[in-house]
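Participant: Residue numbers for the sequence shown follow full-length UniProt numbering, beginning at 1 and rising by one.
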Amino acid sequence: MYVKFSVQTSDRNIFACVVLYFVGHQIRFWKKPWGVAVTTDNKVLVTDAGAGPSEGCVAVFGVDGKFMSYVATGLSMPRGIAASIMGQVFVCDQEDRCVYVFDAHKNFSLVKVLKRDAAGKYLFTSPLHVTVARNLDIVVSDSGNIIKTFTSTFQLKATYQSPFLDSEFWGVCTDPQGHVYVADWKYGIHVLSSTSNLEFGGLLKNRDAVRILEPSAVAFHSQTGQLLIGSSTAQIFTAKLY
Numbered sequence: 001m002y003v004k005f006s007v008q009t010s011d012r013n014i015f016a017c018v019v020l021y022f023v024g025h026q027i028r029f030w031k032k033p034w035g036v037a038v039t040t041d042n043k044v045l046v047t048d049a050g051a052g053p054s055e056g057c058v059a060v061f062g063v064d065g066k067f068m069s070y071v072a073t074g075l076s077m078p079r080g081i082a083a084s085i086m087g088q089v090f091v092c093d094q095e096d097r098c099v100y101v102f103d104a105h106k107n108f109s110l111v112k113v114l115k116r117d118a119a120g121k122y123l124f125t126s127p128l129h130v131t132v133a134r135n136l137d138i139v140v141s142d143s144g145n146i147i148k149t150f151t152s153t154f155q156l157k158a159t160y161q162s163p164f165l166d167s168e169f170w171g172v173c174t175d176p177q178g179h180v181y182v183a184d185w186k187y188g189i190h191v192l193s194s195t196s197n198l199e200f201g202g203l204l205k206n207r208d209a210v211r212i213l214e215p216s217a218v219a220f221h222s223q224t225g226q227l228l229i230g231s232s233t234a235q236i237f238t239a240k241l242y
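Quick look at the structure:
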């Protein structure tokens, strides 16, 4: 897939200011922060893996950076987090090999744990990142080179395994058309056809066949139709998709 890349220095500075603002107001709070999501009512949710066993948590902040409450504490190793328009919050726990589902409309009560199938086998090996598509499909990045999608009723829908043996999957997101974008530290951005079948459509490149190296985070901006890509170079790239 060919797109136009550009570096958004101003966006990068804005994001940096947000990070510093939260860190500055909660300098003793953070131990190993990992994921962030925003609910429909503008609550900022942050996962923190903690400094030791069972010290992981999911914290709730206002947009002003003030701590409000916890979604959960005592987690083993919380990683990626996502919030759906229906008020569900999904949290990957890498060590417990599961995805927790909380209900923001019910004081973040735990409503589901995606961990084993009907036969008792683990659904995940090492879940790291999660996103929710417009059709409410749940997309999970697992074990560094596997993507799995689940229906809104938590049934396994499709599985994608990278064609590259040494892939390192990081962030994952979807666009309104259902395409899935996966940040692969080794190879760039994987473009998958849809959450229904997860067919590999190639790596994201610009017209000069240049791909972004060492991407770690990816998000879709619905108002601009742009893909935002964070890389290890401390830059945020935008890819105009439409």
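Don't be surprised by glycine CBs; every beta carbon is placed ideally from N, CA and C.
According to DSSP, residue 154 sits in a beta bridge with which residue or residues?
Facilitator: Bridge partners of residue 154: none, in fact.
Participant: Verify whether the separation of the beta carbon atoms of residue 104 and residue 37 is less than 7 Å.
Facilitator: Cβ distance not < 7 Å, so residue 104 and residue 37 don't count as in contact.
Participant: Report the start-end ranges of each beta strand (DSSP E) in the region 178-225 that is 3 residues or longer and not cut off at the edges.
Facilitator: Complete beta strand (DSSP E) runs here, min 3: 180-184, 188-192, 200-203 and 215-221.
Participant: Can you tell me whether DSSP reads residue 104 as helix, strand or coil?
Facilitator: Looking at residue 104 - three-state DSSP - the assignment turns out to be helix.
Participant: Apply the 10 Å Cβ neighbour rule to residue 130 and answer buried if 16 or more other Cβ atoms are within range, or exposed otherwise.
Facilitator: Buried, because 16 or more other Cβ atoms sit within 10 Å of the Cβ of residue 130.
Participant: If contacts are defined as beta-carbon pairs under 8 Å, then residue 218 and residue 171 qualify, I think. What distance do you get, rounded to the angstrom?
Facilitator: Sure, about 4 Å apart at Cβ, within 8 Å.
Participant: Decide if residue 141 is buried, meaning its Cβ has at least 16 other Cβ atoms within 10 Å, or exposed.
Facilitator: With 16 or more other Cβ atoms within 10 Å, it is buried.
Participant: Which partner residues does residue 161 have in the DSSP bridge list?
Facilitator: 146, per the DSSP bridge assignment.
Participant: Check whether the region 215-232 touches the region 180-195, taking contact to mean three or more Cβ pairs, one atom from each stretch, closer than 8 Å.
Facilitator: Because the criterion of three Cβ pairs below 8 Å is met, the region 215-232 and the region 180-195 touch.
Participant: Taking only the alpha-carbon atoms, compute the straight-line gap between residue 120 and residue 232 and give it to the nearest angstrom.
Facilitator: Spanning the two alpha carbons is a distance of roughly 38 Å.
Participant: Could you check if residue 46 is buried or exposed, using at least 16 other CB atoms within 10 Å of its CB as the buried criterion?
Facilitator: Under this definition residue 46 is a buried residue.
Participant: Sorted by chain position, which residues of the same chain lie with C-beta nearer than 8 Å to residue 53's C-beta, five sequence neighbours on each side aside?
Facilitator: Result list for residue 53: 76, in chain order.
Participant: Do the CB positions of residue 174 and residue 133 come within less than 7 Å of each other?
Facilitator: Closer than 7 Å, so yes.
Participant: Can you have a look at residue 118 and say buried or exposed, based on whether 16 or more other CB atoms are within 10 angstroms of its CB?
Facilitator: So residue 118 counts as exposed.
Participant: Taking the alpha carbon of residue 51 as the point to measure from, which residue in 97, 58 and 32 has its own alpha carbon closest?
Facilitator: Measuring from the Cα of residue 51, the nearest candidate turns out to be 32.
Participant: Taking the runs of the alpha helix (DSSP H) that are 4 residues or longer, which of them lie wholly in the region 102-140?
Facilitator: Listed in chain order, there is nothing to give.
Participant: Could you tell me which of 166, 73 and 97 sits nearest to residue 185, measuring between CA atoms?
Facilitator: Out of 166, 73 and 97, 166 has the C-alpha closest to the C-alpha of residue 185.
Participant: From residue 223 to residue 177, what distance separates their C-alpha atoms?
Facilitator: Computed Cα separation, rounded: 14 Å.
Participant: Quick one: what's got a C-beta closer than 7 Å to residue 42's C-beta in the same chain, skipping five residues either side?
Facilitator: So the qualifying residues of the chain are 63.
Participant: Rounded to the nearest angstrom, how far is the Cβ of residue 243 from that of residue 153, given a contact under 8 Å?
Facilitator: Nothing about residue 243 can be read from this structure; the chain reaches only from 1 to 242.
Participant: Helix, strand or coil for residue 65, going by three-state DSSP, please let me know.
Facilitator: Residue 65: coil per DSSP, three-state reduction.
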